Structures are given as structure tokens and as C-alpha cells.
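So in the UniProt record's numbering, the last spot in the sequence shown is 428, and the numbers never skip.
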Amino acid sequence: MTKSSANSRAAAVRLLIRVLQKQQPLEDALDPVLQGFPARDRALTRAITSTTLRHLGVIDALIDKMLDRPLPEKAQEIRHILRIGITQILYLNIPSHAAVHDTVALVPDRSKHKGLVNALLRRIDRQGEKLLAKIDIPRVNTPAWLWESWVRHYGDETARLIAKAHLTEASLDISVKTDPGKWEAELNSELLPTGTLRRATITTLNELPGYDDGEWWVQDAAAALPAKLLGDISGKLIIDLCAAPGGKTAQLAAAGAKVIALDRSKNRLKRLTENMERLRLPVIVDVGDAESFVPDQQPDGILLDAPCSSTGTLRRHPDVAYLKSQADVEKLSGLQARLLDNSAQMLKTGGLLVYSVCSLQPEEGEAQVAAFLERNPLFVREAIKAEEIGGAGDLINSEGDLRSLPFHLGGMDGFYAARLRKISTSSA
Numbered sequence: 001m002t003k004s005s006a007n008s009r010a011a012a013v014r015l016l017i018r019v020l021q022k023q024q025p026l027e028d029a030l031d032p033v034l035q036g037f038p039a040r041d042r043a044l045t046r047a048i049t050s051t052t053l054r055h056l057g058v059i060d061a062l063i064d065k066m067l068d069r070p071l072p073e074k075a076q077e078i079r080h081i082l083r084i085g086i087t088q089i090l091y092l093n094i095p096s097h098a099a100v101h102d103t104v105a106l107v108p109d110r111s112k113h114k115g116l117v118n119a120l121l122r123r124i125d126r127q128g129e130k131l132l133a134k135i136d137i138p139r140v141n142t143p144a145w146l147w148e149s150w151v152r153h154y155g156d157e158t159a160r161l162i163a164k165a166h167l168t169e170a171s172l173d174i175s176v177k178t179d180p181g182k183w184e185a186e187l188n189s190e191l192l193p194t195g196t197l198r199r200a201t202i203t204t205l206n207e208l209p210g211y212d213d214g215e216w217w218v219q220d221a222a223a224a225l226p227a228k229l230l231g232d233i234s235g236k237l238i239i240d241l242c243a244a245p246g247g248k249t250a251q252l253a254a255a256g257a258k259v260i261a262l263d264r265s266k267n268r269l270k271r272l273t274e275n276m277e278r279l280r281l282p283v284i285v286d287v288g289d290a291e292s293f294v295p296d297q298q299p300d301g302i303l304l305d306a307p308c309s310s311t312g313t314l315r316r317h318p319d320v321a322y323l324k325s326q327a328d329v330e331k332l333s334g335l336q337a338r339l340l341d342n343s344a345q346m347l348k349t350g351g352l353l354v355y356s357v358c359s360l361q362p363e364e365g366e367a368q369v370a371a372f373l374e375r376n377p378l379f380v381r382e383a384i385k386a387e388e389i390g391g392a393g394d395l396i397n398s399e400g401d402l403r404s405l406p407f408h409l410g411g412m413d414g415f416y417a418a419r420l421r422k423i424s425t426s427s428a
């Protein structure tokens, strides 16, 4: 085993400990664990860890099926070692002999589990595909709290399609300031009907044409849709609430709006400011709490991309399934309601409020907006038309709101968005 492979595999185990035992988001754990790692080792470690999390339900089912008795609670690190070994054998293009040898070497020589790890990984090498064929992969790979919610709201067939889509890593989606047709060829990408450019392969961003010149930014195809729902905003005052890291802010500014980007986090706003400087887009940045923020001038429109459970982003962030719970959904739903109510107060009469979340949970989407409309009689829903989103009518639900699912358009984030108009008392 080379030092490089040992470091990458050992680091993957440390990352799993941080995510699954210490409840730390993978993105937050990467830099502390991988500090000083060469780019190649960082990439391997990240691939092993994220792929393990993406298939964790199935991997654990395989481990439990092969064990005569459960591993003791104090042997969690052994389970993590088994997890990354199975990932390498079944899901990554790593030769099995190297995956087995280098993973077993992570088990201390004095451990009574060394032989067990070796035996189980060799069995996976021999029988893994046969064992997989006996597993209901979409169901087993989805935590119960998510599966039950999706089946109740979407039905079993759609829940299965959602879970299946989460097994595939997301492509690189790009939003451009102008002329997507030109950049389709420049970036070796596909132009989606909604206007997003999609690259099948992910690469170092600053190596792609136009990045340093500020011509484009990375943004999932679904995340690019809510800003479009404000319509023609040239010259209008738009407040982007909870704005960081700034993908939607960039869309609004590129469309000619006067944009106030508000976020409560100075660190996140620092990143937004850096992004706007690279893109050469003028934006007013303000630190503040969107629950209580009062603007100097009532805006023509508000984009509220609210904090949420992020269950629509599992293709890119598979750790979310194990970091969040139904309790988080309920807590965040309360925050979303307060943000909506303050948005209603600050918006000018006749203005538009677009509410969005990257969540698949109805409590944060459909039910949230239904409750808002009940308690805010001065707002009415303005149904979205297919032509506003490139003719993608499948992304519009029966209420006229946006509801994208992870299997739509060849893969996109699960998103919900509603467009709400503030009317005058006389027209209510």
C-alpha cells in the first residue's frame, strides 16, 4: 500500500466519523481533514466518502446480511472501514485486490476484527452483485423518515424514482450572464430548455473559458428557476433574502435589477461579495436578519430562498439524508413561516414575492405556501406558465407552482417555488 492510498482511505474513515457520528456536514469537514493533501489524494478521498454516503443504506444492509452477529457499538470505526472497502469494490473503478488489501491495512494489527474485514470484503468481491440483486435498492438506500414522507406526498412510484435519481452524482450545471448559445460550444456543454448549460464532466472551474472573465457561475438547473419567476426586473428594486452564496443574486443583477443581497452571516456574504466581484455585477450587500429586516424603500420584488432541510440536494450532498430529520423539517418550517410573514410586510403593494426551497418535503413547500395564503389575504398566487421555464411543464404542479424532482430534465435538484402577488385592500 502506498502512503498516498493509505492517507486517502484513512481520511475517508475520519470523514465518515465526522459526518455520521459527530453530525458535521461533509463540506465543512473536508478542509480540516484534508489539509495538506495533494489534489489527487483529495479527489480520491472525497470520491470514496461521498460515494459511501450516497449508497450507505445498501452498504449497511450488505454488512448486516453478511455478519453472524452485529458489530459492537464500540467498533464503529471497523464499520466505517468496511463501508469504504465495499464502496471501492462495488461503486468505484478501483481494482478489487487493491481495494481489499489497502482497506484491510487500515485495521490495527492487534484488532480481532482484521480477519473479519478481510473475509467480508473478499466475499463482496466474489458475491457482491448477487447480493445486490436481492435488495430493494431505492427503498433500502433511503432513510425511513424520508421514504415515508415521499410516499405519502408523491406516491410509491414517484418516491422510487426520486430515490433512484439520488444514486447518481450531479452533473455540472452553469448559468451564464448572456448568450447561452455561444457558451454551449465554448464550455462543451448541453443547453437545457430552461437556459442552463450542463457539462457531463466536472473539472477545475478556473480552467474553463470565461470563468476568470466572470461570464458564468455554477448553479443547479433547478436553483436557476425561481429568479426567472419575477419576470422583467430591469431597473426594479429586488431584495434577495438569505442571499449567500449568491447564484440567484447574480441572476437578478445580470437581468438589470437593483439588487439588495441580505444575509445574516458575514462570512457567507464575504463569499457572495467575492463572487459578484468576479462576475462584475453591481449589488448592494447588507448584513441583517430576514425575520426582522426593514428596508429603507419597499421593493418591487422579493426573492426568498429560505433556509430548509435541503433534501432536494441529495445528489450533490448525500450526507443531508443522515444529518437532518423530521424534527429539523418542523423547526425550519417555523422559521420559513416567519420569513414569509416579514417579506409580506416589507413588499410594496403590487409587488411579487417568490418563495423557494431546495426541499422535497411538503411541509416546507406546498403546505407552507397554503398556510401563508390563509393568514395573508392580501396575497394571491400567480400560476407559473410553462413558457416561462423553457416549456418544461412537468416542473409545474396542479396549483401552478414550481415543483422539480431529482429525475426531471435528466437530473436536477428537488425544488419548490411559488409566485405570490401583493394586492391592494380594494381588490382583495
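We treat Cβ as the ideally placed atom computed from N, Cα and C, and that holds for glycine. Please read these numbers as outputs of a predicted model, since none were measured by experiment.
Item, Value
"Extent of the continuous beta strand (DSSP E) to which D240 belongs", "L237 to L241"
"Beta-bridge partners of R199, as assigned by DSSP", "L172"
"Cα-Cα separation, A11 to L34", "7 Å"
"Burial state of K302, where buried means 16 or more other Cβ atoms lie within 10 Å", "At residue 302 the sequence reads Ile, which differs from the Lys that was named. Label assigned to I302: buried."
"Delimiting residues of the beta strand (DSSP E) encompassing Y154", "Element bounds for Y154: not the beta strand (DSSP E) but the alpha helix (DSSP H), A144 to Y154."
"Residue environment, A202, which counts as buried when at least 16 other CB atoms sit within 10 Å", "Rather than Ala, the amino acid found at residue 202 in this sequence is Ile. Exposed, because fewer than 16 other Cβ atoms sit within 10 Å of the Cβ of I202."
"Residues near T349 by beta carbon distance below 6 Å, same chain, minus five either side", "K422 and S424"
"Through-space distance from H113 to P32, alpha-carbon basis", "28 Å"
"Reduced DSSP secondary structure (H/G/I, E/B, other) of A417", "strand"
"Opening and closing residue of the beta strand (DSSP E) in which Y355 lies", "L352 to V357"
"Which of helix, strand or coil DSSP assigns to V283", "coil"
"Proximity of T52 and I94 at Cβ, strictly below 7 Å", "no"
"Assigned exposure category for N342 - 16 Cβ within 10 Å defines buried", "buried"
"Alpha carbon of A119 to alpha carbon of R14, nearest angstrom", "23 Å"
"E215 versus L279 - alpha carbon distance", "6 Å"
"Bounding residues of the beta strand (DSSP E) (the contiguous stretch that carries A261)", "K258 to D263"
"Residues near M1 in its chain [Cβ-Cβ closer than 6 Å; skip 5 each side]", "Legend: pLDDT at M1 = 44, less than 50; position of this residue unreliable, value from coordinates given subsequently. Only D102 and A105 meet the Cβ criterion."
"Cut-off 6 Å between Cβ atoms - residues of its own chain near N275, not counting five sequence neighbours on either side", "G246"
"Beta-carbon proximity of L191 to E184, cut-off 7 Å", "yes"
"Classification of V287 by the beta-carbon crowding that lies within 10 angstroms, buried from 16 upward", "exposed"
"Beta-carbon proximity list for L16, same chain, < 6 Å, skipping 5 on both sides", "H80"
"4 or more residues per run - each alpha helix (DSSP H) lying fully within the stretch 30-99", "39-54, 56-66 and 76-90"
"Distance between A371 and A428 (C-alpha atoms, nearest Å)", "Its pLDDT being 48, under 50, A428 is placed unreliably in this model, and the value from its coordinates should be taken loosely. Computed Cα separation, rounded: 17 Å."
"Alpha-carbon to alpha-carbon, D156 and G393", "22 Å"
"Check whether P180 and L197 have beta carbons under 7 Å apart", "yes"
"Beta carbon of L131 nearer than 7 Å to that of L56", "no"
"Element boundaries [alpha helix (DSSP H), containing L252]", "G247 to A254"
"T273 to V285 span [Cα, whole Å]", "7 Å"
"Nonlocal neighbours in the same chain, by C-beta distance under 7 Å from S325, ignoring five residues either side", "W145"
"Integer-rounded CB distance, given that R315 should sit under 8 Å from P406", "6 Å"
"Close Cβ partners of R160 (< 6 Å) along its chain, the five nearest in sequence each way excluded", "P138"
"Cβ-Cβ distance between E363 and V320 below 7 Å", "no"
"Assumed close pair D300, K236 - CB separation to whole angstroms, cut-off 8 Å", "4 Å"
"Cut-off 6 Å between Cβ atoms - residues of its own chain near H153, not counting five sequence neighbours on either side", "P362"
"Min CB distance D173 to chain C below 7 Å", "Structure shown: chain C not included; a single protein chain is present."
"C-beta contact flag for S398 and S359 at 7 Å", "no"
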